[in-house]
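Novice: So the protein lines, in turn, are chains A and B. Per the numbering used here, the very first residue in the first sequence carries number 1; after that it's consecutive. Per the numbering used here, the very first residue in the second sequence carries number 1; after that it's consecutive. Glycine included, each C-beta is placed from N, C-alpha and C at the ideal position.
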Amino acid sequence: MRVMKQRVLLWAAGLVAMLCVSLGWLVPHPLVALPGAVAIAYLLGYFVVQGRRSGEARAGLRAAPAVKPPELRILPPPEARKPVDPADTGALIENMLAQGRYALLLRPQIAARLNEEQFQRAVAALEDEMALVPDGEVVLGQCDDPVDENQLTEEDLAIRQGRVVRVEHFFLDRYPVTNRQFHEFVAAGGYQQVALWEPSILPAVLDFVDQTGLPGPRTWKKGCYEAHLRDHPVVGVSWYEASAYARWVGKRLPTDAEWVKAAGWPVNTSPTMRVQRRYPWGETMDRARANLWGSGPKGTVSVTEFADGVSVGGVYQLVGNVWEWTRGNFVPPELPGEKWLLEASMKSIRGGAFDTYFDNQATCQFQSGETAIARKHNIGFRCAVGICDLVLARTADGPADAAEDDTPTEVGLEV
Amino acid sequence: MTRDAILPLESYRLMQYAVPIPCYVCEAENTYDAEYCRNCLAPMALAHQANSQKVHPRMLAVIGGSAVGKTVYLGMLMDMLSRNPEKMHLLARGAFSITLQQTTMAALARCAFPEKTANEPDRWNWVHCQIRWPKQRVPMELIVPDMAGEALLEEVNHPHSYRIISSFLKKCAGAMLLIDTVKLKEGNRDQDYFTMKLVSYLAELSDDPKKSWSRRPLALVFTKADQCEDCVLDPPGYAESHASGLWQHCQERFAVHQFFAAGVAGSCVWRESRAHGRVRVPLRIEPFGIVEPFVWLLEQIKAQGTGRK
Chain A
1 MRVMKQRVLL WAAGLVAMLC VSLGWLVPHP LVALPGAVAI AYLLGYFVVQ
51 GRRSGEARAG LRAAPAVKPP ELRILPPPEA RKPVDPADTG ALIENMLAQG
101 RYALLLRPQI AARLNEEQFQ RAVAALEDEM ALVPDGEVVL GQCDDPVDEN
151 QLTEEDLAIR QGRVVRVEHF FLDRYPVTNR QFHEFVAAGG YQQVALWEPS
201 ILPAVLDFVD QTGLPGPRTW KKGCYEAHLR DHPVVGVSWY EASAYARWVG
251 KRLPTDAEWV KAAGWPVNTS PTMRVQRRYP WGETMDRARA NLWGSGPKGT
301 VSVTEFADGV SVGGVYQLVG NVWEWTRGNF VPPELPGEKW LLEASMKSIR
351 GGAFDTYFDN QATCQFQSGE TAIARKHNIG FRCAVGICDL VLARTADGPA
401 DAAEDDTPTE VGLEV
Chain B
1 MTRDAILPLE SYRLMQYAVP IPCYVCEAEN TYDAEYCRNC LAPMALAHQA
51 NSQKVHPRML AVIGGSAVGK TVYLGMLMDM LSRNPEKMHL LARGAFSITL
101 QQTTMAALAR CAFPEKTANE PDRWNWVHCQ IRWPKQRVPM ELIVPDMAGE
151 ALLEEVNHPH SYRIISSFLK KCAGAMLLID TVKLKEGNRD QDYFTMKLVS
201 YLAELSDDPK KSWSRRPLAL VFTKADQCED CVLDPPGYAE SHASGLWQHC
251 QERFAVHQFF AAGVAGSCVW RESRAHGRVR VPLRIEPFGI VEPFVWLLEQ
301 IKAQGTGRK
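(1) I need the straight-line Cα distance from residue 336 (chain B) to residue 307 (chain A), nearest angstrom please.
(2) Below 8 Å between beta carbons: does that hold for residue 106 (chain A) and residue 126 (chain A)?
(3) Less than 8 Å between C-beta atoms, sequence neighbours within five positions excluded: which residues of the same chain meet that for residue 124 (chain B)?
(4) For residue 131 (chain B), collect the residues of the same chain with a Cβ closer than 7 Å to its Cβ; drop the 5 residues on either side in sequence, then sort them by chain order.
(5) Compare the C-beta of residue 216 (chain A) with all C-beta atoms of chain B and state if any pair is closer than 8 Å.
(6) Taking the beta strand (DSSP E) that residue 329 (chain A) belongs to, which residues open and close that run?
(7) Anything in chain D within Cβ reach of residue 285 (chain B), meaning under 8 Å, just list it in chain order.
(8) Cutting at 7 Å between CB atoms, please list the residues of its own chain near residue 186 (chain A), excluding the five before and the five after it.
(9) Could you have a look at residue 77 (chain A) and say whether DSSP puts it in helix, strand or coil?
(10) Could you list which residues in chain A have their beta carbon closer than 7 Å to that of residue 270 (chain B), in chain order?
(11) May I ask which residues mark the beginning and end of the beta strand (DSSP E) holding residue 192 (chain B)?
(12) Answer with buried or exposed for residue 275 (chain B), where buried requires no fewer than 16 other C-beta atoms within 10 angstroms of its C-beta.
(13) Where does residue 289 (chain A) fall in DSSP's three states?
(14) If you drop the 5 nearest sequence neighbours on each side, which residues of the same chain put their C-beta closer than 7 Å to that of residue 348 (chain A)?
(15) Label residue 311 (chain A) either buried or exposed according to how many other C-beta atoms from any shown protein chain fall within 10 Å of its C-beta, with 16 as the threshold for buried.
(16) If you follow the alpha helix (DSSP H) that residue 78 (chain B) is part of, which residue opens it and which one closes it?
(17) Tell me whether the beta-carbon of residue 166 (chain B) lies closer than 8 Å to the beta-carbon of residue 160 (chain B).
(18) For chain A, is any of its Cβ atoms less than 8 Å away from the one on residue 273 (chain B)?
(19) Any idea if residue 243 (chain A) is buried or exposed, counting beta-carbon neighbours within 10 angstroms, 16 or more meaning buried?
(20) Mind checking if residue 125 (chain B) is an interface residue toward chain A, Cβ cutoff 8 Å exclusive?
(21) Taking CB distances under 8 Å as the criterion, tell me whether residue 109 (chain B) reaches chain A.
(22) If you run the structure through DSSP and keep just helix, strand and coil, what is residue 230 (chain B)?
(23) With residue 266 (chain B) as the anchor, note down where its beta strand (DSSP E) starts and where it stops.
(24) Select from the segment 18-50 of chain B all residues with a C-beta closer than 7 Å to any C-beta belonging to chain A, and list them in chain order.
(25) Using 8 Å as the limit for Cβ to Cβ distance, is residue 329 (chain A) near chain B?
(26) Where does residue 57 (chain B) sit, in a helix, a strand or coil, going by DSSP?
(27) Please confirm whether residue 165 (chain A) and residue 140 (chain A) have their CB atoms less than 8 Å apart.
(28) Taking the alpha carbon of residue 345 (chain A) as the point to measure from, which residue in A:239, A:128 and A:123 has its own alpha carbon closest?
(29) Less than 8 Å between CB atoms is the rule here; does residue 84 (chain B) satisfy it with respect to chain A?
(30) For residue 393 (chain A), count the other beta carbons within 10 Å of its own beta carbon; 16 or more makes it buried, fewer makes it exposed. Which is it?
(31) Indicate whether at least one CB of chain B lies closer than 8 Å to the CB of residue 283 (chain A).
(32) Can at least three beta-carbon pairs, one atom from the segment 375-384 of chain A and one from the segment 316-326 of chain A, be found at a separation below 8 Å?
(33) Cα-Cα, which of B:210, B:218 and B:96 is closest to residue 296 (chain B)?
(34) Whole angstroms is fine: what's the gap from residue 39 (chain A)'s alpha carbon to residue 252 (chain B)'s?
(35) Taking just the CA atoms, how far does residue 197 (chain A) sit from residue 85 (chain A)?
(36) Where residue 236 (chain A) and residue 220 (chain A) are concerned, what is the direct C-alpha to C-alpha distance, given to the nearest angstrom?
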């Protein structure tokens, strides 16, 4: 409306100016010259103001920082493998190796079908991708917070000292599971394979979708991750999705004891004494070694970064970057006279994330909890597998015997 | 000899005693050794500090209902700004200004929320701090008290029951109004009504149109937003749909306002104990959206150049 009014005024002023100038030649009188002068002054004023405004706008554009639009490039699905003929065992095995399912291939039930070259490649992949954690005892549930111990009862002290748990040899992923790795699972139809999911959670699997309604982590779009997050840990996955992925690759989520054993790396100095680290790199917090609040990135980083924070066994980012789902339930230590009222089944998470604020909440011992179906922006996972569940060497008669598997569901050769 | 030495000292003290010192908040006259203002119970340390350091801090209010998270928000904000001087740096003025930060952080670090702020104004924690920006020479002096939600409710329902609140809010350059997202999500309308009452109280606090609250900046912060994804994604949209009364009020009566979402705890559960009854406890601390409303508010105050005493 305002623009229309301005245009009408402009046209009128132009017309009056032209008329007065033409008449002024014929009748040189102040009554003719005055409206003409006013109209010309209006026109001049208008063009001067407009010129200034456009100059300012140009200057503003120059001064404004060049804001690069966020990269929202979604990867097309070339990573989805080509369908393989189920009858072609060799092609199936190759496909599984490419998908990173080497642990499944090394299961006693399957390892026999591998030729020597495939077997050696699977073992090499296992050694590259996973770290061996030796068996031994680990203290779990120890409270590190400084308190006046004189005010505590013996029962309180016993609870604060934690409990000793024994773990057997196991392999733990060196890195958290990345978006790229999880995409293999999504592209292979992992969300549609009923055998991978706990029966009780099947109705909820339909709700495990990304921002565009396709199966996948909550943070993804169109069934895929943003290109620059390829090697970042996958987040926005529930405990059930993490467990399903672990089954698909022939592994499982680590138990709390296993996770703390890999991070704290306890060493027995005598039959009753052991030294266990507070952080994977030592006893003191160093924010240059882990991606926590105040470390700088303010978001997830690639799983290979913060290499200085690697554990003794060669496991990256056990502390920082993302919290990690473990297999166990969240069981907070109950002091006498205290009772925790958990609203739903909560699973244990460990390690702290990029937004963890306090040092004492990013230790090897600290345990937090989250509902199993939560799909948070800062919770990812890594997988483990017991050494007794794998065939790592071949005898002349075939694969060496492996101990009984404790993984709940065994998955056969599936594409 | 001894008497001769004492008398001049006593007279000096008496002379000082006779000079009134105005309270920094309500401007009532107090004696120089008063710890709290006899009129409004504000700490006289603020006035002494302003006099001795020749600074006139602006005042900022953090208000909201009971248990909305004012203490946690303020303590967390102070700690974040004093630890990470990226956008701006906070320096506490006086030891009393660090108490709030200390108690809040100590509680959160052991996975607990700080104790409820007492209703008595002389037990509130006051923060006098200096805000420094990386590229600006002149810092901004600020006074922010941690007021009790129940006292605010009492003052709103029965004006002049807490003189300190009305005196303080009249002088404030801007305010942060905290709203409990969890209660709104649960469909609890009390939160909306109480916030509307507060907004209405603010709008009618001053008779002078030049000093009225309608031109002062107001940051509306949805606290505990970690429990509600919709609120984090679109705070104004969430306000319009879940606190429509408040949203409408702000549109009509506050020219400069903005909605924000903030959270401190990653996850919360209930714990029951003989000593404390049923209390909500955080399982981990992951602050987000804490600094943004404060930065916005200070930018608005700077742009307006208001609030100077």
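Specialist: According to the data block:
(1) One cannot answer for residue 336 (chain B) here, as it falls past the ends of chain B, which runs 1 to 309.
(2) yes
(3) 117, 118, 145, 146, 147 and 148
(4) 88, 90, 139, 140, 142 and 298
(5) no
(6) For residue 329 (chain A), the enclosing beta strand (DSSP E) has its first and last residue at 323-329.
(7) Reference to chain D is not applicable here, since the protein chains of this structure are A and B.
(8) 215, 216 and 223
(9) Residue placement at residue 77 (chain A) cannot be trusted, given a pLDDT of 48 that sits under 50; what the coordinates show is reported in the next sentence. In this structure, residue 77 (chain A) counts as helix in the three-state DSSP scheme.
(10) 341
(11) Careful: residue 192 (chain B) lies outside any beta strand (DSSP E), inside the alpha helix (DSSP H) at 189-203.
(12) exposed
(13) coil
(14) If we look at residue 348 (chain A) and ignore the five residues flanking it on each side, its Cβ neighbours are 256, 326, 328, 329, 330, 367 and 369.
(15) buried
(16) 70-83
(17) yes
(18) Chain A places a beta carbon closer than 8 Å to that of residue 273 (chain B), counting this residue as a contact.
(19) buried
(20) no
(21) yes
(22) Residue 230 (chain B) falls in the helix class under three-state DSSP.
(23) 263-273
(24) none
(25) no
(26) Coil, per DSSP.
(27) yes
(28) A:239
(29) yes
(30) exposed
(31) Not closer than 8 Å to any Cβ of chain B, the Cβ of residue 283 (chain A) fails to qualify, so no.
(32) The answer is yes - the segment 316-326 of chain A touches the segment 375-384 of chain A, with three or more Cβ pairs under 8 Å.
(33) B:218
(34) 41 Å
(35) Distance between the alpha carbons of residue 85 (chain A) and residue 197 (chain A) is about 24 Å.
(36) 8 Å
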